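Numbering (this note's numbering), first residue to last: 1244 to 1610.
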């Protein structure tokens, strides 16, 4: 006790499992230098580092105290679910991850354990990556139903890329959890995918109430992206970032800008918007949005952005750019706004083309 009778603050010490986890993370992050050799046998320069999974796996096997922390580090991030599928009984698996027999509840024990360790997941479906057989989809669905909980209960972040021809995007529902904070989906600009995205997104507020970031990307940037109906935008009370490369209606955009925690928003709202929902010319205020990306002036015409700091404009024409800059002058606090980025390929490298647009003041205008 000190003279004043107040017990001094003693810094807390790391627990054994915390120390072991830190060591495993250092081993993984350090990586191994990959050296390319010339034809004459001499070593070339180091090209890049690769996470040293082998060293972490060896460390995890050292003793009983290192097994749990080591496995958590190894499994916390996964590129696909190939390794997870391999935890199912060997005699039940066939080529290309199809199943040859029914898997009983007791045989899911290893799968469930390793599934609980995954926190971030990146799944890319292309010609070489995993394409699940219908039996796998059915088995996972049965398992998820029998558990009455999430298949990946500790999943915090997921990145999913689907391609045209993928005939069962229902697998995406396996990647949702109550703890999910960030989701990124890359899909095609075809009606079947926008219909699937609509149903998938409408389920997010129920499955992942703590979601903070949503990114919906097109596989290839399109000049005229298909419209995407979003019916549950007002339900995302914790959302702080929303990026969408599909076209959305003005009413959807106005629901998003009024979310209490939204700070970054990027949308494609067509200038020729036929959405009849907003009956008032100006009635909305986006109080917390600091970063904004738009394709037209239409959202600025219906909303005030008093906290906006940076804005990215992707105009389809010089007239649209002119209208957007004029709207910025009316709807934003120019004392806070310090950066305007113009993404317009036909104007790149020719700053004289924006000289006549009279930027509202001395902003950081970059092409």
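We put the CB at the ideal spot given by N, CA and C, even for glycine.
Computed from a predicted model, the values in this text were never measured in an experiment.
Residue span of the beta strand (DSSP E) that contains residue i, given as start and end
i            : result
residue 1534 : 1534-1537
residue 1489 : 1484-1490
residue 1506 : Counting along the chain, residue 1506 falls outside any beta strand (DSSP E), and DSSP gives it neither H nor E.
residue 1329 : Looking at the DSSP string, residue 1329 is not in any beta strand (DSSP E), and its letter there is neither H nor E.
residue 1554 : 1553-1556
residue 1474 : It is not in any beta strand (DSSP E) - residue 1474 carries neither H nor E in the DSSP assignment.
residue 1363 : 1363-1367
Counterpart residues of residue i in DSSP-defined beta bridges
i            : result
residue 1429 : 1404 and 1460
residue 1424 : None, per the DSSP bridge assignment.
residue 1416 : Residue 1416 pairs with nothing; no bridge assigned.
residue 1548 : 1575
residue 1342 : 1336
Three-state secondary structure (DSSP) of residue i
i            : result
residue 1315 : helix
residue 1562 : helix
residue 1321 : strand
residue 1356 : helix
residue 1512 : coil
residue 1527 : strand
residue 1261 : helix
residue 1466 : coil
residue 1569 : helix
residue 1309 : helix
residue 1269 : helix
residue 1584 : strand
residue 1278 : Low local confidence applies: a pLDDT of 48 at residue 1278 is under 50, so the model's placement there is unreliable, with the coordinate-based value given in what follows. The answer is strand: DSSP assigns residue 1278 an E or B state.
residue 1336 : strand
residue 1349 : helix
residue 1371 : In this predicted model, residue 1371 has a pLDDT of only 39, less than 50, meaning its place in the structure is not dependable enough to derive any value.
Buried or exposed by the 16-neighbour rule on C-beta atoms within 10 Å, applied to residue i
i            : result
residue 1530 : exposed
residue 1544 : buried
residue 1306 : exposed
residue 1577 : exposed
residue 1446 : exposed
residue 1334 : exposed
residue 1361 : buried
residue 1581 : exposed
residue 1262 : exposed
residue 1269 : exposed
residue 1438 : exposed
residue 1347 : exposed
residue 1474 : exposed
residue 1426 : buried
residue 1184 : Here the chain covers residues 1244 to 1610 and nothing more, so residue 1184 does not appear.
residue 1381 : exposed
residue 1325 : exposed
residue 1463 : exposed
residue 1490 : buried
residue 1391 : exposed
residue 1579 : exposed
residue 1265 : exposed
N- and C-terminal bounds of the alpha helix (DSSP H) containing residue i
i            : result
residue 1446 : 1434-1450
residue 1205 : Because residue 1205 is not part of the residues shown, which for the chain are 1244 to 1610, the question remains open.
residue 1496 : 1493-1500
residue 1541 : 1541-1545
Residue i CB to nearest heavy atom of the ligand COA below 7 Å
i            : result
residue 1445 : Looking for the ligand COA in the displayed structure turns up nothing, as the structure carries no ligands at all.
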